[in-house]
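These notes are about the structure you will find just below.
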Amino acid sequence: MGALKTKNLTFIQGAFQINQLSLAIEEGKMTAIVGPNGSGKSTLLKLFARLYKAEAGEILLKDLPITQIGRKEFSKKITMLLQSKEIFPNITVEELVSYGRTPHQKGLSRMNKEDREILEWALHECQLMSYKDRMLHTLSGGELQRARIAMALAQKTEILLLDEPTTYLDITHVMELMELMKKINQKYGMTIVMVLHELSFAGAYCDNLVVMKKGSVYKAGNPQDILTSKLLEEVYEIDAMIKYENSFPMIIPNKKNW
């Protein structure tokens with residue numbers, strides 16, 4: 135069953151357009167949307183999150199058009215974590231994570247016992263219990279991103295959308311983040327969809343890839359089936375081979391082109 139589906143989705147923004155795109159995101163799986171800059175990766179994610187409105191076609195959440203779901207109810211089903219470098223220096227990690235409970239609260243009511251339990255669960259899953267009283271401006275890039283992900287987890291939705299979550303992170307923190315996402319996916323069956331540039335990490339950690347090119351889906355499926363030299367040439371315009379080492383795909387450019 136598809137957690138999210140698009141049917142003949144069309145979106146136009148200036149010279150860029152997504153034209154009659156049909157796609158299914160598999161429920162309970164971890165999916166990476168990849169492709170060159172300007173191919174429509176983040177645009178598609180924002181359409182899923184209702185941050186953009188399609189000109190035509192529809193997006194279905196478990197076969198229900200997302201336009202028919204109220205805003206409050208929608209925020210209990212899908213969480214979107216945008217790419218951001220901004221932080222709020224005068225709040226703690228715990229305060230940031232508590233914002234994830236906002237959709238579940240009524241009016242100006244404070245967090246109840248359930249909210250507190252979920253807050254602590256999110257901090258624990260992201261290994262942030264010892265950081266909860268730290269001010270955000272004292273965190274490293276990797277720690278801050280974990281705090282943002284904990285906030286998203288605290289929203290307790292079925293689907294988590296992440297727009298380039300590895301941006302600004304070094305390779306160590308990229309690995310930590312991907313391990314965390316895989317743990318959450320496997321432990322709780324959460325559907326995770328992320329935009330990534332790191333093809334090797336996408337291929338190693340994700341169940342499915344959606345490869346975009348010029349606003350269309352070039353190919354979608356299991357990474358080992360679709361991540362090929364031909365794809366690299368036709369989508370990224372590079373001559374390279376792919377070698378697997380311990381199920382990790384390594385992209386090796388052809389030296390004659392250097």
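Following this note's numbering, the numbering of the sequence shown begins with 135 at its first residue and continues without gaps.
Glycine included, each C-beta is placed from N, C-alpha and C at the ideal position.
- Collapsing the DSSP output to three states places Tyr378 in a strand.
- When the beta-carbon positions are compared, Glu189 and Ile225 stay at least 8 angstroms from each other.
- Ser173 and Lys347 have their alpha carbons spaced roughly 5 angstroms apart.
- Cα atoms of Tyr186 and Met312: separation of roughly 27 angstroms, rounded to the nearest angstrom.
- For Leu333, the closest of Val231, Trp255, Val344 and Leu270 by C-alpha to C-alpha distance is Val344.
- Here the alpha carbon of Leu296 sits roughly 34 angstroms from the alpha carbon of Lys389.
- When rounded, the separation of the alpha-carbon atoms in Gln151 and Met245 is 42 angstroms.
- If you compare the alpha carbons of Phe335, Pro357 and Ala288 with that of Met324, the shortest gap goes to Ala288.
- Secondary structure at Phe145: strand, using DSSP grouped into helix, strand and coil.
- Between the segment 158-168 and the segment 206-214, the count of C-beta pairs closer than 8 angstroms stays below three; the two stretches do not touch.
- Under the DSSP assignment, Tyr339 falls in the alpha helix (DSSP H) whose first and last residues are Leu333 to Tyr339.
- Following the DSSP letters along the chain, one finds Ser232 inside the alpha helix (DSSP H) bounded by residues Val227 to Ser232.
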